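These notes are about the structure you will find just below.
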Amino acid sequence: MDKQHLDHLLRSIWTAAEKDKHSIEAIQQEYKNADLDEGLKVLEDQGYIRRVGDTVEFTPLGHHAAEEIIRRYRLAERLFADLFDVSPTDYEYLACNFEHILSPEVTDSVCTFLGHPRVCPHNNPIPKGKCCVNYINDVEPLVQPLVNVPLGTRVKIVYMLPAHQKRWRKLHQLGVFPGNTLKVVQRKPSFVLEVGGTTLALDREICEGIFVKRLNDNTP
Numbered sequence: 009m010d011k012q013h014l015d016h017l018l019r020s021i022w023t024a025a026e027k028d029k030h031s032i033e034a035i036q037q038e039y040k041n042a043d044l045d046e047g048l049k050v051l052e053d054q055g056y057i058r059r060v061g062d063t064v065e066f067t068p069l070g071h072h073a074a075e076e077i078i079r080r081y082r083l084a085e086r087l088f089a090d091l092f093d094v095s096p097t098d099y100e101y102l103a104c105n106f107e108h109i110l111s112p113e114v115t116d117s118v119c120t121f122l123g124h125p126r127v128c129p130h131n132n133p134i135p136k137g138k139c140c141v142n143y144i145n146d147v148e149p150l151v152q153p154l155v156n157v158p159l160g161t162r163v164k165i166v167y168m169l170p171a172h173q174k175r176w177r178k179l180h181q182l183g184v185f186p187g188n189t190l191k192v193v194q195r196k197p198s199f200v201l202e203v204g205g206t207t208l209a210l211d212r213e214i215c216e217g218i219f220v221k222r223l224n225d226n227t228p
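If you count by this note's numbering, then the sequence shown holds residues 9 to 228, one letter each, in order.
Right under this line is the structure:
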């Protein structure tokens with residue numbers, strides 16, 4: 009079995025585990041290939057997983073390997089979704105290919121460029137890397153929290169943290185949702201935003217969970 013299939017299987021085991029599902033049946037629902045048994049045997053022989061009855065669990069070695077794969081995959085999803093506005097079907101396919109070729113150095117560079125995103129376009133968590141811990145930022149991130157945006161800047165909302173999910177419906181009614189544009193017209197004492205033809209004030213806590221990218225002056 010080639011490395012790409014093994015990487016895909018490690019990602020499938022991780023994704024199932026995120027849903028608190030560890031059975032071989034649950035993993036197959038994520039993996040969707042006919043060579044599952046072969047792949048599990050290879051991973052077990054290489055020390056990446058342990059099989060206990062009908063369940064699968066990572067060894068420390070396997071957990072680290074899967075975490076790196078998940079990080080590369082979800083960062084690639086963010087890159088194609090945020091920078092190139094690629095459709096979900098296409099960015100999932102592209103990310104699946106990129107997860108196998110990104111080196112650790114390039115992965116950290118992509119993460120830094122995107123502003124160390126916390127979640128993928130599907131709001132699944134992106135594991136942190138060393139660059140996130142050290143927060144080395146030599147270039148302006150493509151995507152950054154709304155609280156970091158200078159006064160008078162027009163931005164497009166890229167994503168919002170799941171922590172504010174209960175408020176999403178109200179925010180959506182106010183025009184604050186991914187894909188929409190706004191302008192920062194005041195930063196203190198509260199954030200005042202211009203959305204469409206209206207203005208609204210938001211608490212700093214909410215703005216910390218809204219991630220945006222700057223728009224050029226010529227962007228409609």
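We put the beta carbon where it would ideally sit given N, CA and C, even for glycine.
Just so we're clear, the structure is a prediction, and the values are computed from it rather than from any experiment.
The residue among K11, G204 and D211 with its C-alpha nearest the C-alpha of N105 is K11.
Non-local C-beta neighbours of K221 in its own chain, meaning closer than 6 Å and more than five positions away in sequence, comprise L150, V151, K164 and V166, ordered along the chain.
Under DSSP, I77 shares a beta bridge with no residue. If you keep only unbroken beta strand (DSSP E) runs of at least 3 residues inside the segment 27-99, you get 57-60 and 63-66. Across the set N156, V200, G160 and K174, the C-alpha of N156 shows the shortest separation from the C-alpha of G123. With contact defined as three or more Cβ pairs closer than 8 Å, the segment 14-22 and the segment 34-51 are in contact.
Per DSSP, E107 lies in no beta strand (DSSP E) segment and is marked neither H nor E. By the neighbour-count criterion, in which a residue is buried when 16 or more other Cβ atoms sit within 10 angstroms of its Cβ, V184 is buried. Contact between the segment 124-137 and the segment 194-204 is not established, with fewer than three Cβ pairs separated by less than 8 Å.
Of all alpha-carbon atoms in I35, C140, S95 and A25, the one lying nearest the alpha-carbon of S117 is that of C140.
Residue D90 holds the alpha-carbon nearest to the alpha-carbon of M168 among G70, W22 and D90.
The three-state reading of DSSP puts V151 in coil, since its state is none of H, G, I, E or B.
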